[in-house]
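S.K.: Numbered by this note's numbering, the letters in the sequence shown go through residues 3 to 208 in order. The C-beta atom is built at its ideal place from N, Cα and C for all residues, glycine as well.
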Amino acid sequence: MEFSSKLLENAVNEVAMLPGIGKRTALRLVLHLLKQPNEQTFHLTEALLQMRSEIKFCKSCHNISDVDICEICNNETRDKHVICVVEDVRDVMAIENTNIFKGVYHVLGGKISPIDGIGPSQLQITSLIDKVKKGEVEELIFALSSTMEGDTTNFYIYKQVKDWDVKISTIARGIAVGDELEYADEVTLGRSLLHRIPFEKAIKQV
3 MEFSSKLLEN AVNEVAMLPG IGKRTALRLV LHLLKQPNEQ TFHLTEALLQ
53 MRSEIKFCKS CHNISDVDIC EICNNETRDK HVICVVEDVR DVMAIENTNI
103 FKGVYHVLGG KISPIDGIGP SQLQITSLID KVKKGEVEEL IFALSSTMEG
153 DTTNFYIYKQ VKDWDVKIST IARGIAVGDE LEYADEVTLG RSLLHRIPFE
203 KAIKQV
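#1: According to DSSP, Gly86 sits in a beta bridge with which residue or residues?
#2: Which residue wins for smallest C-alpha separation from Met53, given the options Cys86, Val69, Ser62, Met95?
#3: Taking only the alpha-carbon atoms, compute the straight-line gap between Lys61 and Leu110 and give it to the nearest angstrom.
#4: Does the beta-carbon distance from Ile126 to His64 come in below 7 angstroms?
#5: Relative to the C-alpha of Thr155, which residue among Ser55, Leu51, Val87, Ile57 is closest?
#6: Measure the C-alpha to C-alpha separation of Glu236 and Asn12 and round it to an integer number of angstroms.
#7: For the segment 16 to 78, list the alpha helix (DSSP H) runs that are entirely contained and at least 4 residues long, ordered along the chain.
#8: Looking at Asp81: is its Cβ nearer than 7 angstroms to the Cβ of Gly112?
#9: What number of angstroms, rounded off, separates the C-alpha of Ala145 from the C-alpha of Ile23?
#10: Given that a residue counts as buried once 16 or more other Cβ atoms are within 10 Å of its Cβ, and exposed if not, what is Ile117?
#11: Quick one: what's Asp81 bridged to in DSSP?
#12: Could you name the residues that DSSP lists as bridge partners for Ile159?
#13: Just the Cα atoms here: how many angstroms apart are Glu4 and Val94?
#14: Provide the residue(s) that pair with Ser7 in DSSP beta bridges, ordered along the chain.
#15: Give me the residue from Val168, Glu98, Ser123, Thr149 with the minimum Cα distance to Val134.
#16: May I ask you to report which of helix, strand or coil DSSP gives Thr154?
#17: With H, G and I counted as helix, E and B as strand and the rest as coil, what does DSSP make of Gly180?
#18: Could you give the distance in angstroms between the alpha-carbon of Glu41 and the alpha-carbon of Val17?
#19: So, Val91 versus Ile66, is the Cβ gap smaller than 7 angstroms?
#20: For Leu31 and Thr43, what's the separation of their Cα atoms in angstroms?
#21: Identify, in the order they occur along the chain, each residue of the same chain with its Cβ nearer than 6 angstroms to the Cβ of Gln162, setting aside the five sequence neighbours on each side.
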């Protein structure tokens, strides 16, 4: 891709480093910014700089926050004894959008993946185990992806806390509403069978 401006090229190269954005998309975004009033570009730049320099991670659950303890952990209506264990902040957002879960979270910051050089020590696992050992937890809910890495991480944590008085559960893996059975992968289909419910209950839920 040939550029008539080195400044333009530098901007495109930086934007193209973002995940899921190629050079052509980056060029389109940069040219869009050039067409906008200077203020808009300055506001975007300021917001990114402020986020990068001032954002924090909750000292309790490791979720992204503006303060030392995030709003969820600070919320008196949340059940602090029920902890949903997730991989990253996107999972917290996804679960919060359901408006169903009323406990708190623990963000691991990834999954155990030896092939990628990620072991338990690179994740926020120790602080989770400490909460269990202090008797602060009644239930752990594993909400990691159903991959080998996710299952490995779940099992590792389970081994660390299984001897303590804590209930351990995992989110059900099943066929999403509206999905065709033939298009489901084997793991999803298999787990949906393992976690099947009586037909009478299924009728009541419709």
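M.R.: Per the coordinate set shown:
#1: Here residue 86 is Cys; the residue named in the question, Gly, does not match the sequence. Under DSSP, Cys86 takes part in a beta bridge, and its partners are Tyr107, Ile143.
#2: When the alpha-carbon of Met53 is set against those of Cys86, Val69, Ser62, Met95, the nearest one is in Val69.
#3: A direct Cα-to-Cα measurement between Lys61 and Leu110 gives close to 12 angstroms.
#4: Per the sequence shown, residue 126 should be read as Gln rather than Ile. Result yes, Cβ atoms of Gln126 and His64 sit closer than 7 angstroms.
#5: Of all alpha-carbon atoms in Ser55, Leu51, Val87, Ile57, the one lying nearest the alpha-carbon of Thr155 is that of Val87.
#6: In the structure as shown, the chain starts at 3 and stops at 208, and residue 236 therefore has no counterpart that could be examined.
#7: Assignment of alpha helix (DSSP H) within the segment 16 to 78, counting only whole runs of 4 or more residues, yields 25 to 37, 40 to 56, 73 to 76 in chain order.
#8: No, they are not a contact pair.
#9: In a straight line, the C-alpha of Ala145 is about 28 angstroms away from that of Ile23.
#10: Ile117 is exposed by the Cβ-count criterion.
#11: Paired residue(s): Gly105.
#12: Residue pairing for Ile159: DSSP places it in no beta bridge.
#13: Each residue's Cα considered, the two are about 42 angstroms apart.
#14: The bridge partners DSSP lists for Ser7 come to none.
#15: Closest in C-alpha terms to Val134, from the list Val168, Glu98, Ser123, Thr149, comes Val168.
#16: Judged by DSSP in its simplified three-state form, Thr154 adopts helix.
#17: In this prediction, Gly180 scores a pLDDT of 48, lower than 50, which makes its location untrustworthy; no coordinate-derived value is stated.
#18: If I take the Cα positions, the gap works out to 19 angstroms.
#19: The answer is yes: Cβ separation under 7 angstroms.
#20: Taking the straight line joining both Cα atoms gives about 11 angstroms.
#21: For Gln162, where only same-chain residues beyond five positions count, the Cβ hits under 6 angstroms are Ile131.
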